[in-house]
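What follows is a single structure, written as structure tokens, with notes after it.
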Amino acid sequence: MATRKPRIAILHYASPPIIGGVEATMAKHALLFAERGYAVKIIAGRGGTFDARIPVEIIADADSQAPRVSVVNVELAQGIVSEKFHALVRELTQALESALEDCDVLIAHNILSLHKNLALTAALKNISASPRIRLIAWCHDFAWNDPQYADQLYPGFPWDLLKQAWSATSYVVVSDARKMELAELWGKVDAEISVVPSGIDPREFFGVTEDAARWVRDFKFFDAAPLLILPARLTRRKNIERAIEIVAALRDQGSNPLLLVTGPPGAHNPTNIAYLKKLRELRKEFKLEDAVIFLHELGSVSDETMRDLYWLADALLFPSEREGFGIPILEAALARLPIFCMDRPVFRESAHQNAHYFSDEQTPNEIAVLIGDVLAKDSAYQLKKRVVKRYDWENIFTESIESLVWG
Numbered sequence: 013m014a015t016r017k018p019r020i021a022i023l024h025y026a027s028p029p030i031i032g033g034v035e036a037t038m039a040k041h042a043l044l045f046a047e048r049g050y051a052v053k054i055i056a057g058r059g060g061t062f063d064a065r066i067p068v069e070i071i072a073d074a075d076s077q078a079p080r081v082s083v084v085n086v087e088l089a090q091g092i093v094s095e096k097f098h099a100l101v102r103e104l105t106q107a108l109e110s111a112l113e114d115c116d117v118l119i120a121h122n123i124l125s126l127h128k129n130l131a132l133t134a135a136l137k138n139i140s141a142s143p144r145i146r147l148i149a150w151c152h153d154f155a156w157n158d159p160q161y162a163d164q165l166y167p168g169f170p171w172d173l174l175k176q177a178w179s180a181t182s183y184v185v186v187s188d189a190r191k192m193e194l195a196e197l198w199g200k201v202d203a204e205i206s207v208v209p210s211g212i213d214p215r216e217f218f219g220v221t222e223d224a225a226r227w228v229r230d231f232k233f234f235d236a237a238p239l240l241i242l243p244a245r246l247t248r249r250k251n252i253e254r255a256i257e258i259v260a261a262l263r264d265q266g267s268n269p270l271l272l273v274t275g276p277p278g279a280h281n282p283t284n285i286a287y288l289k290k291l292r293e294l295r296k297e298f299k300l301e302d303a304v305i306f307l308h309e310l311g312s313v314s315d316e317t318m319r320d321l322y323w324l325a326d327a328l329l330f331p332s333e334r335e336g337f338g339i340p341i342l343e344a345a346l347a348r349l350p351i352f353c354m355d356r357p358v359f360r361e362s363a364h365q366n367a368h369y370f371s372d373e374q375t376p377n378e379i380a381v382l383i384g385d386v387l388a389k390d391s392a393y394q395l396k397k398r399v400v401k402r403y404d405w406e407n408i409f410t411e412s413i414e415s416l417v418w419g
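Count the sequence shown with my numbering and you get residues 13 to 419, in order.
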């Protein structure tokens, strides 16, 4: 019998369309769960529906700016814990219990670490006593560690809730630096705290087309190192077999290259079909079926998708033997790509000393060494590879987030 996936609620003071870093993070978490078939909902004081799969339940007094909360916050800032606070805690506890009836896991963003709505924090403390709900405290910021809040915090309840390790609660922070801060706040150097960074979706960031997004997924663009683009029709003068040999050499040297050849066979020479057959045979000979992709076999590459491929690529590989001009040099320059191309006067005319040239006499292995050396020293390339490997939301979810809700 299949195990039922845990039902998840995500709590914060506000949710999209309210703009904020935490709001964006919780929305992305919710979307990642929904895309994988989890029942997930948002509980917030302000916000609205941003995806039909994700219900948003509004508890007005969960907002840090709710009128009643603002009145209580003024008192708390003076060290006063009045009946208004306790009444608000009771009502929020009841509201949360009702909202969580159909949930197994509650992910609370910043509620256990910030003082923006201490009545909500205290209500959540009451909820945490229930064995039915697993509580995950996702901590982005810490009130007790922030000098700007020093005059708003006092010893005792409820402020001490923000610097205590709650029992039966899993704690998550967004960086190693935050983990150290929280451990010091608790006075527990060996505290059990998970680190799950915030991330980025490169497909969303670049606003790529559906075709580009599908190819990113199907061909694992972000696992490639380097991801090379060769924008050309399949004609002999484009010298695409040289590019395939270079990719083979890169792989032999320990890299994980992926070459995207964007164009179809040239339309004006019937021998180009035979040339494509030759290229396929060469690809098979080198066992590069997963490393050299002829995109025309998947459909026409639109101008918009071509733009996306430039943004996604790590470098231009352009071994063309003869060109009247060479538009890809200009396109790669605008996309800030390193350019590796044949040493031809027409390319030097446009790229000057700003491209990396190779000659007819150089072997594929020598050219692969050139590419590897240049990219090894390219800080932008190295950081990009680090970001897509460590901070791509898809990877973060698979490696870190999903396991948390299973306990």
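All C-beta atoms, glycine included, are put in the ideal place defined by N, C-alpha and C.
The structure displayed is predicted, hence computed values, not measured ones.
Query                                                                                                          : Result
Extent of the continuous alpha helix (DSSP H) to which residue 105 belongs                                     : 95 to 111
Alpha helix (DSSP H) segments (min. 4 residues) lying fully within the stretch 20 to 94                        : 33 to 47, 79 to 89
Residue 281, DSSP secondary structure in three states                                                          : coil
Whole-Å CB distance - residue 20 paired with residue 117, under 8 Å assumed                                    : 5 Å
Supposed close pair residue 425, residue 399 - CB separation, criterion 8 Å                                    : Outside the shown range of the chain (13 to 419) lies residue 425, about which nothing can therefore be said.
Supposed close pair residue 100, residue 86 - CB separation, criterion 8 Å                                     : With a Cβ gap of about 13 Å, residue 100 and residue 86 do not count as contacting.
Best match in 306, 214, 283, 225 for proximity to residue 256 [C-alpha to C-alpha]                             : 306
Residue 132 and residue 155 closer than 8 Å at C-beta                                                          : no
Beta-carbon separation (whole angstroms), residue 52 vs residue 45, contact threshold 8 Å                      : 4 Å
Cα-Cα separation between residue 8 and residue 348, rounded to whole angstroms                                 : Only positions 13 to 419 of the chain appear in the structure, and residue 8 is not among them; the question remains open.
Residue 109 versus residue 88: straight-line alpha-carbon distance, rounded                                    : 25 Å
Residue 248 (DSSP reduced to helix, strand or coil)                                                            : helix
For residue 183, the residue or residues it bridges with in DSSP                                               : 149
Separation of residue 158 from residue 142, as counted between CA atoms                                        : 31 Å
Range of the contiguous alpha helix (DSSP H) that encloses residue 218                                         : 214 to 218
Buried or exposed by the 16-neighbour rule on C-beta atoms within 10 Å, applied to residue 94                  : exposed
Limits of the unbroken alpha helix (DSSP H) element including residue 313                                      : Element bounds for residue 313: n/a, residue is neither H nor E.
Length-filtered (3 minimum) beta strand (DSSP E) runs lying within the stretch 111 to 178                      : 117 to 121, 146 to 151
Which of helix, strand or coil DSSP assigns to residue 403                                                     : coil
Of the listed residues 178, 285, 226, 360, nearest to residue 342 (C-alpha basis)                              : 360
N- and C-terminal bounds of the alpha helix (DSSP H) containing residue 386                                    : 376 to 388
Best match in 386, 374, 372 for proximity to residue 350 [C-alpha to C-alpha]                                  : 386
One or two residues paired with residue 362 in a DSSP bridge                                                   : Answer by DSSP bridge pairing: none, since residue 362 is not bridged.
The stretch 285 to 304 in contact with the stretch 191 to 200 per 3-pair CB rule at 8 Å                        : no
Length of the line joining the Cα atoms of residue 204 and residue 176                                         : 13 Å
Alpha carbon of residue 355 to alpha carbon of residue 328, nearest angstrom                                   : 14 Å
Those residues which DSSP pairs with residue 240 across a bridge                                               : 271, 327
Contacting residues, own chain, Cβ-Cβ under 6 Å from residue 262 (five flanking each side not counted)         : 269, 380
Residue of 274, 236, 265, 237 minimising C-alpha distance to residue 250                                       : 274
Pick from 161, 124, 258 that is closest to residue 198, judged by C-alpha positions                            : 124
N-terminal and C-terminal residue of the alpha helix (DSSP H) that residue 341 is part of                      : 339 to 346
Buried versus exposed call for residue 324 [16 or more other C-beta atoms within 10 Å across all chains shown] : buried
Residue range of the alpha helix (DSSP H) that includes residue 228                                            : 222 to 230
Contact belief for residue 105 with residue 138 at Cβ below 8 Å, rounded distance in angstroms                 : 5 Å
CA nearest to the CA of residue 336, picked from 411, 406, 362                                                 : 362
Nearest-angstrom beta carbon gap, residue 30 and residue 58 [assumed within contact, 8 Å]                      : 6 Å
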